[in-house]
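See structure below.
Number of protein chains: 2
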Amino acid sequence: MLKRIILLLIVPLFMLSGCYYGNTGADAERPEYVVAIHGGAGWITPDRYSDEEEAAARAKMNEALEAAEAVLKNKGHAVEAVEAAINILEDSPIFNAGKGAVLTADGTVEMDASIMNGKDEQAGAIAGVKHVKNPISAARLVMEKSKHVMLSGEGADKYAAENGLDTVPNHYFITEKRAKNYNKNHPDKEPIHKFGTVGCVALDSEGNLAAGTSTGGMADKEYGRIGDSPIIGAGTYANNETVAVSATGHGEYFIRFSVARDIHSMVEYNRWTVERAADFIIHRKLKYYDVNGGVIVMDRNGKIAMPFNTPGMYRGFIKSTGERDVKLYGEEK
Amino acid sequence: MLKRIILLLIVPLFMLSGCYYGNTGADAERPEYVVAIHGGAGWITPDRYSDEEEAAARAKMNEALEAAEAVLKNKGHAVEAVEAAINILEDSPIFNAGKGAVLTADGTVEMDASIMNGKDEQAGAIAGVKHVKNPISAARLVMEKSKHVMLSGEGADKYAAENGLDTVPNHYFITEKRAKNYNKNHPDKEPIHKFGTVGCVALDSEGNLAAGTSTGGMADKEYGRIGDSPIIGAGTYANNETVAVSATGHGEYFIRFSVARDIHSMVEYNRWTVERAADFIIHRKLKYYDVNGGVIVMDRNGKIAMPFNTPGMYRGFIKSTGERDVKLYGEEK
Numbered sequence: 159m160l161k162r163i164i165l166l167l168i169v170p171l172f173m174l175s176g177c178y179y180g181n182t183g184a185d186a187e188r189p190e191y192v193v194a195i196h197g198g199a200g201w202i203t204p205d206r207y208s209d210e211e212e213a214a215a216r217a218k219m220n221e222a223l224e225a226a227e228a229v230l231k232n233k234g235h236a237v238e239a240v241e242a243a244i245n246i247l248e249d250s251p252i253f254n255a256g257k258g259a260v261l262t263a264d265g266t267v268e269m270d271a272s273i274m275n276g277k278d279e280q281a282g283a284i285a286g287v288k289h290v291k292n293p294i295s296a297a298r299l300v301m302e303k304s305k306h307v308m309l310s311g312e313g314a315d316k317y318a319a320e321n322g323l324d325t326v327p328n329h330y331f332i333t334e335k336r337a338k339n340y341n342k343n344h345p346d347k348e349p350i351h352k353f354g355t356v357g358c359v360a361l362d363s364e365g366n367l368a369a370g371t372s373t374g375g376m377a378d379k380e381y382g383r384i385g386d387s388p389i390i391g392a393g394t395y396a397n398n399e400t401v402a403v404s405a406t407g408h409g410e411y412f413i414r415f416s417v418a419r420d421i422h423s424m425v426e427y428n429r430w431t432v433e434r435a436a437d438f439i440i441h442r443k444l445k446y447y448d449v450n451g452g453v454i455v456m457d458r459n460g461k462i463a464m465p466f467n468t469p470g471m472y473r474g475f476i477k478s479t480g481e482r483d484v485k486l487y488g489e490e491k
Numbered sequence: 159m160l161k162r163i164i165l166l167l168i169v170p171l172f173m174l175s176g177c178y179y180g181n182t183g184a185d186a187e188r189p190e191y192v193v194a195i196h197g198g199a200g201w202i203t204p205d206r207y208s209d210e211e212e213a214a215a216r217a218k219m220n221e222a223l224e225a226a227e228a229v230l231k232n233k234g235h236a237v238e239a240v241e242a243a244i245n246i247l248e249d250s251p252i253f254n255a256g257k258g259a260v261l262t263a264d265g266t267v268e269m270d271a272s273i274m275n276g277k278d279e280q281a282g283a284i285a286g287v288k289h290v291k292n293p294i295s296a297a298r299l300v301m302e303k304s305k306h307v308m309l310s311g312e313g314a315d316k317y318a319a320e321n322g323l324d325t326v327p328n329h330y331f332i333t334e335k336r337a338k339n340y341n342k343n344h345p346d347k348e349p350i351h352k353f354g355t356v357g358c359v360a361l362d363s364e365g366n367l368a369a370g371t372s373t374g375g376m377a378d379k380e381y382g383r384i385g386d387s388p389i390i391g392a393g394t395y396a397n398n399e400t401v402a403v404s405a406t407g408h409g410e411y412f413i414r415f416s417v418a419r420d421i422h423s424m425v426e427y428n429r430w431t432v433e434r435a436a437d438f439i440i441h442r443k444l445k446y447y448d449v450n451g452g453v454i455v456m457d458r459n460g461k462i463a464m465p466f467n468t469p470g471m472y473r474g475f476i477k478s479t480g481e482r483d484v485k486l487y488g489e490e491k
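Which chain is which? The protein sequence lines are A and B, in order. Under the working numbering, the first residue of the first sequence is numbered 159, with each subsequent residue one higher. Under the working numbering, the first residue of the second sequence is numbered 159, with each subsequent residue one higher.
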């Protein structure tokens, strides 16, 4: 009985501490649109990049953000903005997604992607594709045209081709840099210091949230390994009532902990802010397990959190208010 | 300000209503062990089965439960019990998993499975395998021996074979009944009235929870479709602090709604009972979307919920207390 009374007293206090941190907040001012992207987290430090490489990465991220902004400014849907931004990152050899994806143990490229529409919780994903030029577009196709959520392997490539998406030979994706790195004895081989994966979250003028993630996966992967990027609830999640999330990091843990869905649940059930939920996952839970990675999270008012527990994460955003930023390193303010 | 005050007053009351329904409850008496299984939900009604078919299904479910019980009685781990029960359901032609799996559009069998250990949130999954005799054993192998969580396609079969699991030609899985049903013009063809999938949740004497799910997927599936069964957080989830869950139903929705993980989150964050969380998902959320299916859920005290929104679901349990039951139809009390 005493236990029950104590519980009755403590639980509301505990819950109020959650309120103090703020709920998703219908009182905040919502910008007309917001878009945020990431290009992977890892040991991203200034000494690893030439000025040219750094400038090229920043320019490409700005280009991706501006492509999404163009969609959003024209009252386009958040899903369309996410696809537009990710297409540019996929077409660039800089990122581990689409062209420039890392190689599997077999020396081929096998890509995963997923996308989710927060308006109706529709989702689409493809895993292990080798030919569709833009995996995120294939994920969107699965979401919008098929009765399924997830297609895999040759079947997924076939579905994309049958429905008119561009397909290319596998070698289209393989850049000189990745090929050097595949050859274990190549003098220029460098250790992988970054979790690939690109992602985007967006809020449109109708208040719709969307999230997408695209990746070449883990370098030297074998046995048809699937990471978190194509798993709804792990690497990607979106719901207009709560958040849009795209993750990057050690995918196996992101699957086990349903990272994207858990951030949603902390916001939905605990009424935590996106900062609190994202920080808890990245700086507490993953840190506890010594797991590296980061997330980009946006709430329904366009509030952004982009925590990572590695030295750096490619990241950036544009808001309709004119605010914008692109960063690579941890120390950049 | 007034809004904030109202919120401050209402939120604790709302939360207290959750307390009233009870949290996962450290006060309940925990049996030494508990195991529960399902064999799929659907239009399972007495008129669809001969007495012999019904008796065979009940006998096989009892056999599976007793295999798990034998493990648990000998202080075996919950993961081992889950595998033992599911192996028997996979080896039986009655269920849509392993032998007796439904056919894809190509006339082959492609199976998915996943397993999770609630002790350390380790997980393993395989998708689209065609040769490993017991997909749930392959999922356990991935969990325990590989650095990955999810393997797919030929690679997953290869990994299983290299690590000593039994592999068989694809036709081993194809029963006469499924072959008839594949042939669209066969006079005995009957409409599919049941979501296949088998699953098991178990609590062992050490207080460990585990969950596993195995399936042949959707009949006539194409393009390497992956359903919820191999997706950690969708078809399967286990955590010693909260619940073990295995789901069956229209997989696409179970992925979009992260059904297994959401039940965990409602128990973890809202402190709901397993009955309340499972009923909410099956009878409210899925029902709202007109989605059919069911789940078996067990909490850390061995309390079981097995709701479904279809006319029937193959289901059963055994507790160390001697309580046991096996049911097929909705109206069975």
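Think of the CB as a built atom: it goes at the ideal place given N, C-alpha and C, for glycine as much as any other residue. None of these values were measured; they are calculated from a predicted model.
- Where does A/H441 sit, in a helix, a strand or coil, going by DSSP? Sequence index remark: in the first sequence, residue 441 of chain A carries index 283 (1-based). In this structure, A/H441 counts as helix in the three-state DSSP scheme.
- Query: Quick one: does B/V114 have its CB under 8 Å from some CB of chain A?
  - Reply: Here chain B comprises residues numbered 159 to 491, so residue 114 of chain B is not present and cannot be evaluated.
- Item | Chain-ordered chain A contacts of B/L323 [CB-CB under 7 Å] | Stepping through the second sequence from its first residue, residue 323 of chain B is reached at position 165. From the beta-carbon of B/L323, no residue of chain A is found nearer than 7 Å; the closest lies around 13 Å away.
- Would you kindly report the start and end of the unbroken alpha helix (DSSP H) that includes B/S423? As a working note, residue 423 of chain B is residue 265 in the second sequence. Taken as a continuous stretch (DSSP letters only), the alpha helix (DSSP H) holding B/S423 covers 417-428.
- Query: DSSP on A/N181, reduced to helix/strand/coil?
  - Reply: Counting from 1 along the first sequence, the entry for residue 181 of chain A is found at position 23. Note that A/N181 scores a pLDDT of 45, beneath 50, so its modelled location is shaky and nothing firm can be said.
- Around the C-beta of B/Y446, are 16 or more other C-beta atoms found within 10 angstroms, so that it is buried, or is it exposed? Walking along the second sequence from the start, residue 446 of chain B turns up at place 288. Label assigned to B/Y446: exposed.
- So, does the CB of B/Y317 fall closer than 8 Å to a CB anywhere in chain A? Taking the second sequence and counting its residues from 1, the one referred to as residue 317 of chain B is at position 159. Flagged as an interface residue toward chain A: B/Y317, by a C-beta distance shorter than 8 Å.
- Taking B/S404 and B/V359 to be in contact with their CB atoms under 8 Å, please state how far apart those CB atoms are, rounded to whole angstroms. Locating residue 404 of chain B in the second sequence gives position 246, counting from the first residue. Locating residue 359 of chain B in the second sequence gives position 201, counting from the first residue. So it is a contact: roughly 6 Å between Cβ atoms.
- Task: Identify whether B/A377 lies in helix, strand or coil by the three-state DSSP scheme.
- Result: For the purposes of this step, residue 377 of chain B is taken as residue 219 along the second sequence, with counting starting at 1. Coil, per DSSP.
- Query: Quick one: what does DSSP say A/A392 is sitting in, helix, strand or coil?
  - Reply: Numbered from its first residue, the first sequence carries residue 392 of chain A at position 234. Three-state DSSP puts A/A392 in coil, outside helix and strand.
- Assigned exposure category for B/S208 - 16 Cβ within 10 Å defines buried: The sequence position of residue 208 of chain B within the second sequence is 50, counting from 1. It is exposed - the Cβ of B/S208 has fewer than 16 other Cβ atoms within 10 Å.
- Please name the residues in the region 297-311 of chain A whose beta-carbon is closer than 9 Å to at least one beta-carbon of chain B, in chain order. For the region 297-311 of chain A, which is checked against every Cβ of chain B, the residues closer than 9 Å are V300, S304, K305, H306, V307, M308, L309, S310, G311.
- Task: Spell out a yes or no on whether the region 264-282 of chain A and the region 316-326 of chain A are touching, meaning 3 or more CB-CB pairs, one atom from each, closer than 8 Å.
- Result: No, the region 264-282 of chain A is not in contact with the region 316-326 of chain A.
- When we look at the beta-carbon of A/T394 and count the other beta-carbons within 10 Å, is it buried (16 or more) or exposed? For this step, residue 394 of chain A is matched to residue 236 along the first sequence. Taking every protein chain shown into account, the CB of A/T394 has 16 or more other CB atoms within 10 angstroms, so this residue is buried.
- Query: With A/M456 and A/L367 assumed to form a contact (beta carbons below 8 Å), what rounded beta-carbon distance in angstroms separates them?
  - Reply: The residue given as residue 456 of chain A occupies position 298 in the first sequence. The residue given as residue 367 of chain A occupies position 209 in the first sequence. Under the criterion of beta carbons closer than 8 Å, A/M456 and A/L367 qualify as touching, at roughly 6 Å.
- Item | Beta-carbon separation (whole angstroms), A/H196 vs A/G375, contact threshold 8 Å | As a position in the first sequence, residue 196 of chain A is number 38, starting the count at 1. As a position in the first sequence, residue 375 of chain A is number 217, starting the count at 1. Incorrect: roughly 16 Å between the Cβ atoms, too far for contact.
- Query: A/S295 lies in the alpha helix (DSSP H); which residues open and close that run?
  - Reply: Working through the first sequence from its first residue, we reach residue 295 of chain A at position 137. Secondary structure note for A/S295: its alpha helix (DSSP H) is the uninterrupted segment 293-303.
- Starting from B/N275, follow its DSSP beta bridges and name the residues at the other end. For the purposes of this step, residue 275 of chain B is identified with residue 117 of the second sequence, where counting begins at 1. Beta-bridge pairing links B/N275 to B/Q280, B/A368.
- How is A/Y487 classed by DSSP in three states: helix, strand or coil? As a working mapping, residue 487 of chain A is identified with position 329 in the first sequence. A/Y487 falls in the strand class under three-state DSSP.
- Using a Cβ-Cβ distance under 8 Å, would A/G357 count as near chain B? The sequence position of residue 357 of chain A within the first sequence is 199, counting from 1. The beta-carbon of A/G357 is placed no less than 8 Å from the nearest beta-carbon of chain B.
- Message: Quick check on A/H329: does DSSP put it in helix, strand or coil?
- Response: Your numbering for residue 329 of chain A matches position 171 in the first sequence. In this structure, A/H329 counts as helix in the three-state DSSP scheme.
- Query: DSSP on B/K219, reduced to helix/strand/coil?
  - Reply: Against the second sequence, residue 219 of chain B aligns to sequence position 61. In the sequence as presented, Lys is not what sits at residue 219 of chain B; that position holds Met. In the three-state reduction of the DSSP assignment, B/M219 falls in the helix class, which pools H, G and I.
- Item | Own chain residues within Cβ distance below 6 Å of B/G409, not counting five before or after | Within the second sequence, numbered from 1, the residue matching residue 409 of chain B stands at position 251. These residues qualify, in order along the chain: G385, D386.
- Message: Nearest by alpha-carbon distance to A/M424: which of A/T400, A/P327, A/G470 is it?
- Response: Indexing the first sequence from 1 puts residue 424 of chain A at position 266. The candidate whose alpha carbon is nearest that of A/M424 is A/T400.
- Item | Ordered list of alpha helix (DSSP H) runs contained in the region 211-270 of chain A, each at least 4 residues | For the region 211-270 of chain A, whole alpha helix (DSSP H) runs of length 4 or above, ordered along the chain, are 236-249.
- Among the residues of its own chain, which have a CB less than 8 Å from the CB of B/V300, if the five just before and after it don't count? Position 142 of the second sequence, counting from 1, holds the residue named residue 300 of chain B. Closer than 8 Å at the Cβ level, and outside the excluded window around B/V300, lie G282, A283, I284, H306, V307, M308, L309, A314, Y317.
- Classification of A/G480 by the beta-carbon crowding that lies within 10 angstroms, buried from 16 upward: As a position in the first sequence, residue 480 of chain A is number 322, starting the count at 1. Looking at its Cβ environment, which holds fewer than 16 other Cβ atoms inside 10 Å, A/G480 is exposed.
- Task: Drop a sphere of 10 angstroms on the beta-carbon of A/K233, count the other beta-carbons inside from all chains shown, and report buried for 16 or more, exposed for fewer.
- Result: By one-based count along the first sequence, residue 233 of chain A stands at place 75. With fewer than 16 other CB atoms across the displayed protein chains lying within 10 angstroms of its CB, A/K233 is exposed.
- What does B/G313 reach in chain A if we use C-beta pairs closer than 8 Å? Counting from one through the second sequence, the residue named residue 313 of chain B turns up at place 155. Correct list: E380, Y381, G382, R383.
- Message: When you compare the CB positions of B/M269 and B/V287, do they come within less than 8 Å of one another, or not?
- Response: Taking the second sequence and counting its residues from 1, one reaches residue 269 of chain B at position 111. Taking the second sequence and counting its residues from 1, one reaches residue 287 of chain B at position 129. Contact flag set, yes.
- Specify the secondary structure class of B/G176 as computed by DSSP and reduced to three states. Here residue 176 of chain B refers to the residue found at position 18 of the second sequence. Here the model assigns B/G176 a pLDDT of 44, short of 50, so the residue's position is not dependable and the matter cannot be decided.
- Query: Thinking just about the alpha-carbon of each residue, which of A/S250, A/R429, A/V453 is nearest to the one in A/I440?
  - Reply: The residue given as residue 440 of chain A occupies position 282 in the first sequence. It is A/V453.
- List the residues of chain B whose Cβ lies closer than 7 Å to the Cβ of A/N428, in chain order. For the purposes of this step, residue 428 of chain A is identified with residue 270 of the first sequence, where counting begins at 1. Those are Y427, listed as they occur along chain B.
- Task: Below 8 Å on the Cβ atoms is my guess for A/T355 versus A/T333; work out the distance and round it to an integer in Å.
- Result: The count along the first sequence starts at 1 and reaches residue 355 of chain A at position 197. The count along the first sequence starts at 1 and reaches residue 333 of chain A at position 175. Incorrect: roughly 17 Å between the Cβ atoms, too far for contact.
- Item | Closest Cα partner of A/L261 within the set A/M219, A/K335, A/E241 | Here residue 261 of chain A is taken as the residue at index 103 of the first sequence, counted from 1. The option with the nearest alpha carbon to A/L261 is A/K335.
- Check each candidate in B/N397, B/A222, B/S304 and name the one with the smallest Cα separation from B/Y472. Sequence index remark: in the second sequence, residue 472 of chain B carries index 314 (1-based). For the set B/N397, B/A222, B/S304, the Cα lying nearest the Cα of B/Y472 is the one of B/A222.
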